[in-house]
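Residues 4 to 361, numbered by my numbering, are exactly what the sequence shown covers, in order.
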Amino acid sequence: ARGKLVRDLLGLRDNKGETPLDLAVKKKKVAVEILLRDWMDRLALEDNPSCARVCHRSIKQVFSLRNWMMWIGLGMPSSNNEAMFHMQKSVGPMFLVIMMITLAIVMYPWKFLPMWREGYLWDLPFLHMFTMSNILILLYSLYKTYITDPGMLSTSSNTSTELHDLTLHLQSEYENALDALTTDDSSLQSPRPNLCHSCHVVKPKRSKHCRIQRKCVLLFDHYCPFVGNTIGLYNYKYFYTFLLAMTLSEIGFFITWVLYLKRFPGRDVAALVLGFFVSLLSLIGGGMLLYHTQLVWGNLTTNEHHNLYKYEYLKDERGRFRNAFDKGCLANINERFCPKLGIEDERREFINRGADAV
4 ARGKLVRDLL GLRDNKGETP LDLAVKKKKV AVEILLRDWM DRLALEDNPS CARVCHRSIK
64 QVFSLRNWMM WIGLGMPSSN NEAMFHMQKS VGPMFLVIMM ITLAIVMYPW KFLPMWREGY
124 LWDLPFLHMF TMSNILILLY SLYKTYITDP GMLSTSSNTS TELHDLTLHL QSEYENALDA
184 LTTDDSSLQS PRPNLCHSCH VVKPKRSKHC RIQRKCVLLF DHYCPFVGNT IGLYNYKYFY
244 TFLLAMTLSE IGFFITWVLY LKRFPGRDVA ALVLGFFVSL LSLIGGGMLL YHTQLVWGNL
304 TTNEHHNLYK YEYLKDERGR FRNAFDKGCL ANINERFCPK LGIEDERREF INRGADAV
């Protein structure tokens with residue numbers, strides 16, 4: 004029924020015979036144009052589902068300059084441009100990551116491992132072990148990042164008991180806050196608690212409503228289209244491991260690739276081209292690893308780092324930046340990689356009603 008409704012809306016025409024897509028292009032509404040084209044692709048895929056069409060749609064997204072600007076944050080939409088957020092949920096970035104990892108897994112034993120007499124890298128067993136073990140860790144951490152609940156506040160049946168109980172408590176706080184506001188109750192804390200009217204909860208400190216998942220996420224970091232999930236309290240450690248393993252495996256792959264090309268008599272065009280594309284991941288992964296290492300060191304999230312002067316809990320009495328969560332390197336690492344929830348002290352910290360989380 005939903006697909007039929009969308010199909011009817013896309014096919015509507017005004018008195019000039021122009022469709023919604025025509026009007027979006029004419030009025031240069033880029034976000035709306037991208038959203039409409041994406042829905043058209045999805046409907047076309049429903050009409051004729053096939054592996055070729057799925058690959059075509061993913062490749063089309065991967066090679067779109069507009070999409071890349073959105074994914075890496077150069078084209079982040081404003082609050083008045085909600086349509087662009089829909090594009091963050093596209094499968095293109097994750098398809099690219101899986102494709103690159105698959106290329107590396109196939110190419111490594113095919114070209115680099117000394118499986119035949121003419122193997123040119125038979126004297127580098129430790130390099131092979133280092134690279135292949137990191138590729139396996141990379142696959143595991145990608146899988147865990149994708150399937151792990153980042154800490155979404157929900158009362159659904161597949162939510163953990165702790166998150167379920169915390170959500171019920173925050174929903175009760177939400178109702179109490181609304182009652183206090185409507186009766187002008189002076190007992191309501193000042194500053195007033197931040198409310199999420201989408202989830203009907205009082206927002207915990209450092210949380211944020213994810214517009215992709217449509218739920219509030221504890222210790223919200225960002226939504227990553229390259230792993231297909233929101234990064235938050237419970238899957239950040241897997242995400243960081245993913246970045247670390249990707250960077251280390253790419254370093255090993257790059258060294259192996261260079262040595263292979265140096266030792267191979269003549270030119271191996273296939274190895275040259277495939278190795279070049281796989282090596283491009285090292286630039287992305289290495290840059291993100293350095294950035295998130297800096298965040299872990301200071302116990303900040305990506306969301307907080309992008310909004311240093313927006314949140315009141317990151318300011319001192321004079322309005323200057325102050326990070327109250329920075330407890331030293333080791334304590335910061337332990338807090339980010341060994342998250343806790345459920346004990347009373349942690350519960351009070353999360354539901355601090357003086358938090359200014361958006």
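Virtual Cβ for every residue (Gly too), placed ideally from N, Cα, C.
Beta-bridge annotation (DSSP): Ile234 is paired with His225. If you draw a straight line from the Cα of Lys114 to the Cα of Phe245, it is about 25 angstroms long. Among the bridge pairs identified by DSSP, Leu198 is matched with Val205.
By alpha-carbon distance to Tyr243, the top candidate from Ile254, Gly255, Val230 is Val230.
Spatial neighbours of Phe129 in its own chain (CB-CB distance under 7 angstroms, excluding positions within 5 residues in sequence) are not present. Taking a contact as a CB-CB distance under 8 angstroms, the pair Tyr237 and Pro342 counts as one, their CB atoms being some 6 angstroms apart. When secondary structure is reduced to three states using DSSP, Lys31 falls in the coil class, being assigned neither helix nor strand.
With respect to the 8 angstroms criterion, Glu36 and Leu24 are classified as neighbours on the basis of their beta carbons. Just so you know, the alpha carbons of Lys265 and Gly255 end up roughly 15 angstroms apart.
For Lys318, no beta strand (DSSP E) encloses it, and the DSSP letter there is neither H nor E. Excluding the 5 residues flanking it on each side, Ser252 has same chain C-beta neighbours closer than 6 angstroms at Thr134, Asn137, Ile138, Leu141, in chain order.
Beta-bridge analysis with DSSP links Met110 to no other residue.
In chain order, Leu198, His203, Val204, Val205 place their CB closer than 7 angstroms to the CB of Tyr177, counting only its own chain and leaving out the 5 sequence neighbours on each side. In the structure shown, Lys330 adopts coil according to DSSP, grouped into three states. Rounded to the nearest angstrom, the Cβ distance from Arg209 to Leu222 is 5 angstroms, consistent with a contact under 8 angstroms.
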